[in-house]
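S.K.: Right, I'll just put the structure down here and ask away after.
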Ligand code: HEC
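Residue numbers (this note's numbering): 63 to 219.
Structure (structure tokens):
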């Protein structure tokens, strides 16, 4: 290949390959219920689905601009971090202690308006929590914690 041609196509090819690699590893685990056993309360379920699931589950809906580096790397990092803290698709794998801990954090971050992050709301205004959403999540988290407290503290549920 002539050097000039390589010079022009190289970055394009590299970008394509990297984007492909990122895409490939994105939503692991195949089809899985978006929020496996998190809440039996449909209204809470729909709030979580609307405002949290994109980052905190294996069911991320990647926007078109999320496939283009470097935005794709930023979003990918965000979602990886978010899933480490709380993955709603893997709720059933958490111990009762972990669940209680996460529920406490959820109540705190929604009350303090820390979640969903402002940078996300900018592109997804529909994900903004209303006062009622926050109240509903808060009350739900509290009642779930109470239920979990009645279960034995160790082992998987
Ligand atoms: C843009 C993606 C995104 C969305 C949407 C989002 N989060 Fe997060 N969340 C993150 C990231 C990234 C972290 C970890 C780093 C941080 O704390 O900023 C996190 C951390 C958390 C934590 C752990 C906080 C701690 O103190 O360790 C909780 C709990 C949480 N999010 C709950 C929620 C809830 C509830 C929603 C929906 C109302 C939500 N998040 C929506 C990205 C997101």
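Beta carbons: idealized from backbone N, C-alpha and C, even for Gly.
1) Pairs of beta-carbons, one from the region 124 to 136 and one from the region 155 to 172, closer than 8 Å: are there three or more?
2) Using the Cα positions of residue 149 and residue 120, report the straight-line distance between them to the nearest angstrom.
3) To the nearest angstrom, how far is the alpha carbon of residue 205 from that of residue 106?
4) Mapping the DSSP letters down to three states, classify residue 212 as helix, strand or coil.
5) When the Cα atoms are used, what is the spatial distance from residue 161 to residue 135?
6) With DSSP run on the structure shown, which of helix, strand or coil describes residue 103?
7) For residue 109 versus residue 195, is the C-beta distance shorter than 8 Å?
8) Label residue 184 either buried or exposed according to how many other C-beta atoms from any shown protein chain fall within 10 Å of its C-beta, with 16 as the threshold for buried.
9) Quick one: is residue 203 buried, meaning 16 or more other Cβ sit within 10 Å of its Cβ, or exposed?
10) In whole angstroms, what is the alpha-carbon distance linking residue 201 and residue 152?
11) Just curious, the alpha helix (DSSP H) that residue 138 is in, first and last residue?
M.R.: In short, the structure shows the following:
1) no
2) Stepping through the chain shown from its first residue, residue 149 is reached at position 87. Stepping through the chain shown from its first residue, residue 120 is reached at position 58. The alpha-carbon atoms of residue 149 and residue 120 are separated by roughly 7 Å.
3) On the chain shown, position 143 is the one that residue 205 refers to. On the chain shown, position 44 is the one that residue 106 refers to. Rounded to whole angstroms, residue 205 to residue 106 spans 12 Å at the Cα level.
4) On the chain shown, position 150 is the one that residue 212 refers to. Reduced to three states, the DSSP call for residue 212 is coil.
5) Position 99 of the chain shown, counting from 1, holds the residue named residue 161. Position 73 of the chain shown, counting from 1, holds the residue named residue 135. One C-alpha to the other measures close to 29 Å.
6) Start at 1 with the first residue of the chain shown, and residue 103 comes out as number 41. Correct three-state label for residue 103: coil.
7) The residue you call residue 109 lines up with position 47 of the chain shown. The residue you call residue 195 lines up with position 133 of the chain shown. Result yes, Cβ atoms of residue 109 and residue 195 sit closer than 8 Å.
8) Stepping through the chain shown from its first residue, residue 184 is reached at position 122. Exposed, because fewer than 16 other Cβ atoms sit within 10 Å of the Cβ of residue 184.
9) In the chain shown, counting from the first residue as 1, residue 203 sits at position 141. Buried.
10) The residue given as residue 201 occupies position 139 in the chain shown. The residue given as residue 152 occupies position 90 in the chain shown. If I take the Cα positions, the gap works out to 22 Å.
11) The sequence position of residue 138 within the chain shown is 76, counting from 1. It spans 133 to 147 - the alpha helix (DSSP H) in which residue 138 sits, taken as one unbroken run.
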